[in-house]
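Chains as they are written, first to last, in full-length UniProt numbering: chain X, 1 to 630; chain B, 1 to 630.
From the three backbone atoms N, C-alpha and C, an ideal C-beta is built for every residue, glycine too.
From a predicted model like this one, the values you see are computed outputs, not experimental measurements.
Taking it in order: structure first as structure tokens, then the write-up.
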């Protein structure tokens, strides 16, 4: 009834402490063999019968007693009579009890009805499978603590085993807590969040061979929580609470658990994932996991997966590890291990990696991650260029066949990934959104395979007056993908009608700007310069968002009043839109890549009807027909 | 309606031909997200709502409008009033519509009821999660042709997606054929075989994401087969026949398929696995797989798995490959790729491998295999010592933590594996049965970690007169495991009663001998020499079996009349037994291994009550208590 530790300890140590303090008591059950796939044996399994159960022919031919074949030679063939000397036999047939050898049909010459000749004597037990050749009665087919594979089922049935004793599946209670949570199939109102961590936990638990028991959302109050834990501990082998394990005013978990049992640990030295509570209630493990999805899923793997493996006495295969070169620096912070989701790509023979966002709330960073980098407790971080070892969450094969894109944000381009996968299974496209020029830079420095740049079309060109905008793309193959319309967006058409950018900037409205390096930003800068407006006086001038969808979302949510961006994004969020000009979106790649297998498939996918249909479907997009690359 | 190929082609080419000729037409279906784990997306999935759906606090603290906080300094703190200037807010709460910044609670000093002081100005949108920070409406969450993982479910629910469009699971007909087959849960009579390949196929198909449709055993006659294929082609996406695809008198498959559709290929250049039939009936793939289990499972993987991957447009990760050194030669044969099941072990830093039996009927060789060696078409084989690349079927981690045993055959020792797995999850024991001396030789040459030798106990020693029998084990640690009784066995006690070995050898009975190097063999040789009996005149003297269980099985099945071996084996097969002497079974290992972590766990397992109980349970075994190793 006391806290064991005040200072957070690293994950490995926390796990050890948990496993040491709780009682994990798997039970045995007998199940029919045909339900045994993926189950774990609790006892060694022994063959009850032999396979084959009797000596059997291993060839098609005739069964003889070897003794009677003595003396046969090519010059003096021996005559054998059916019924008396031999019987015809097929592979797998049981040997007649008075026969002990098989002569292959190819070595038998039929000389009459039921009469054959052989030219060589047979030797005893030649071409005969002895009883038990495959499996002999009494042989151990499987040891205990073995996860049953399809091929094992064959051996079990062949050995006459119809039931196996396996460990029961642990039943794991999943208790989502939080008054703001609603059922995942509900429609959230402002302030409500659909509960999804619990569903993800349940899916992981199934994958790990446990039975998830999703026990419904518990509101933030100690009495309800206590009641929920009490019944869960009674009915389940392991209890997961999510969340309420941090230090906030509504985080009752540690207090409640301390009253019900023993809190072994509150907080681990890990980022993300720090606010974990490990407790023992009636000897059973009760684990409070943090609420942010990334923290939740990582800590589920750190603490729940090992408990399940411990239950079965079987450890699953660890993830593959590879050495990669960092293309950007990664900072560590003192006092905790850092777990960083990484994008990984293969360029030539080298694996390159770069960190994805480290925010614990961004589920998509877990969806998009190729690997995980662990920065140890004492390490401050790594410089760009450093070689670091990562744990892979996608397979090396998938990473090997991923085309790395870097360049201007777009809403149609990501759909090329699906088309590519359909064209050439295994191949995929991974997009790293940055500015067009940075994309080209990455391409020239060998950090990606292809780059995307959107340039004002020639009509708008002179108006913007940005010749310097054209990236240095000599020696690169390029393909125009489409034209897309950009302009101003706002919640109401009234805000935009009849106004120029300079008007909008002087109206006191809050702007959400494009990052520098974008043609829209350059366009606005040109206009402000022309009107001699100081950008520092424009509200929100320095607030930028590189994602077109997030820009439109900010306007829709009222955090910005006007923003620059794609017509397609404005349209998706139902915003008013004032077009400024069209951009031509081009892909650039080395000629060598365009000629490679993946490059050819990519170009095919781009020219496919499916991709054209995607372009046509998107508001403000038109196909760029005439020029097909060069 | 004609055979495309007469000469067998290699597996890869055969597969290409099959995929080229059949129509694989996956269908789409919409399913609820909570049933979507492991399914494959048929379309890209786009977020329908943003997560968070509104700007939300990223910290516990107070929500303010950044404008009103200007001018606060440590020397001149700014007073804020609840209701007018700020609201208390918890992490995740929606931001009040008129607020745009959060000040962490740690930086707020309460000076009265509803009155606080701050020492620094807040900046706009500080500690606020913007709407869509995790997932923004319109964002692509998943591409098409993506197998859904637990974490993806979180992103889908967070993005407001409640249904996803996935590919249907292909329905695969499994048709076992053969008049000798009976249902797997039946008790076979002589000449009957429980059908188990079909069950193994079904389990693999489930693992690969297909729906197996086990259609029951079809007898060997063309009309039944035709009828079975007809209805299967109508109802399923893919049809598997097993077996009847070789050239025997009852193998109708090719003929029947040729009449119903097009046989694309009969026979592939692979060993095992040659007699495969690939056909297209009504445009659907119909595959006849060979009957021997090893051939059947390998060819299932070669032809059926790729069709399923093709259906989904997703390729599963290939097996890991490692380079190993062969400890014995492996022969190839011209005209076919050879697929050899291999035992792999790690000694120090090196992986060693040796072939398991190559008989296609031995299911246990698939159960026991650690990896597969492919000998290409044109390769004649490899010498011992050669480094070859293998495909792993167990994980590298499992192989790394496997203790390799080599030595005398025994029936209790294999049970140590299960006990060891229970003691130290992950650790296991792999037994390579050979003669005791060969085991010691393997140990001294670094081909195994431990060796097992059974020696006549000191009482029998002088009687057998075999001092040279003692292996050269100086510098090795050894542990006696148990005593075991060996002697003569026969079906009837009448055969044995009052007889000596020399009597049995002169009685015209058929003997099954032990391999040379065993103490029983030496014992018999001593007796024959004493009586001046020429071994060449003893029936069966040169017929040997190293497995005690198979020896007993041969006597039980009547293929031998008398055999030498373990009392335990005789007892298991209900045979009469005449004891000769006791053997002491010892494990040998280098001192360095005994001191290593796995070595210590092994010794603990040997000294455990569980292992003692196994010894006590086995007829003819007694514990060897006094000496506990040295």
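Residue(s) in a DSSP beta bridge with residue i
i	result
residue 29 of chain B	B/166
residue 117 of chain B	B/79 and B/109
residue 582 of chain X	X/485
residue 154 of chain X	In the DSSP output, where bridge partners are listed per residue, residue 154 of chain X has none listed.
residue 41 of chain B	B/166
residue 103 of chain X	X/62
residue 94 of chain X	X/56
residue 456 of chain X	X/583
residue 428 of chain B	B/402
residue 389 of chain B	B/323
residue 128 of chain X	X/57
residue 407 of chain B	B/433 and B/452
residue 171 of chain X	X/211
With 16 other Cβ atoms within 10 Å as the buried cut-off, status of residue i
i	result
residue 496 of chain B	buried
residue 32 of chain B	exposed
residue 614 of chain B	buried
residue 536 of chain B	exposed
residue 561 of chain X	buried
residue 97 of chain B	exposed
residue 67 of chain B	exposed
residue 328 of chain X	exposed
residue 4 of chain B	In this prediction, residue 4 of chain B has a pLDDT of 43, which is less than 50 and means its spatial position is unreliable; nothing more can be read from the coordinates.
residue 75 of chain B	exposed
residue 600 of chain X	exposed
residue 417 of chain X	buried
residue 474 of chain B	exposed
residue 548 of chain B	buried
residue 23 of chain X	exposed
residue 591 of chain X	exposed
residue 494 of chain B	exposed
residue 435 of chain B	buried
residue 185 of chain B	exposed
Among the options, the one whose alpha carbon lies nearest that of residue i
i	options	result
residue 337 of chain X	X/269, X/302 and X/548	X/269
residue 368 of chain X	B/141, B/212 and B/371	B/141
residue 649 of chain X	X/540, X/500, X/283 and X/216	Because chain X in this structure spans residues 1 to 630, residue 649 of chain X falls outside the shown range and cannot be described.
residue 307 of chain X	X/329, X/360, X/239 and X/525	X/239
residue 587 of chain B	B/400, B/170 and B/413	B/413
residue 231 of chain B	B/242, B/243, B/221 and B/213	B/213
residue 380 of chain B	B/408, B/334, B/298 and B/348	B/334
residue 491 of chain B	B/569, B/429 and B/534	B/569
residue 664 of chain X	X/204, X/207, X/178 and X/202	Past the boundaries of the shown model lies residue 664 of chain X; chain X is included only from 1 to 630, so the question cannot be answered.
residue 529 of chain B	B/611, B/502, B/169 and B/119	B/502
residue 370 of chain B	B/354, B/382, B/362 and B/378	B/354
residue 509 of chain X	X/488, X/518, X/519 and X/517	X/488
residue 169 of chain X	X/54, X/391 and X/27	X/27
Residue i Cβ short of 7 angstroms to the ligand ADP heavy atom set
i	result
residue 601 of chain X	As far as ligands go, the structure on display features none, and thus does not contain the ligand ADP.
Exercise. Return the residues of the segment 381-405 of chain X that lie within a Cβ-Cβ distance of less than 7 angstroms from chain B, sorted by chain order.
Key: 395 and 397
Exercise. Kindly provide the ranges of any beta strand (DSSP E) runs that are 3 or more residues long and lie completely inside the UniProt domain "MoaB/Mog" (173-310) of chain X, ordered along the chain.
Key: 211-214, 238-242, 262-266, 277-281 and 284-289
Exercise. Taking only beta carbons into account, state which residues of the segment 361-383 of chain B come closer than 8 angstroms to chain X, listed in chain order.
Key: 361, 362, 363, 364, 366 and 367
Quiz item: Looking at chain X, which residues of the segment 589-619 of chain B have a Cβ within less than 8 angstroms of any of its Cβ atoms?
Solution: none
Self-check item: Minimum length 4: unbroken alpha helix (DSSP H) runs contained in the segment 555-626 of chain X
Solution: 567-572, 591-595, 597-606 and 609-617
Quiz item: What are the start and end residues of each continuous alpha helix (DSSP H) run of 4 or more residues lying completely inside the segment 304-383 of chain B, in chain order?
Solution: 305-312 and 363-368
Exercise. Check each residue of the segment 47-64 of chain X: if its Cβ is closer than 7 angstroms to any Cβ of chain B, include it; give the result in chain order.
Key: 50, 53, 54, 55 and 60
Quiz prompt | Interface residues of the segment 102-114 of chain X facing chain B [CB-CB below 7 angstroms] | solution = none
Exercise. Name, going along the chain, the residues of the segment 159-180 of chain B whose beta-carbon falls closer than 7 angstroms to a beta-carbon of chain X.
Key: 162 and 180
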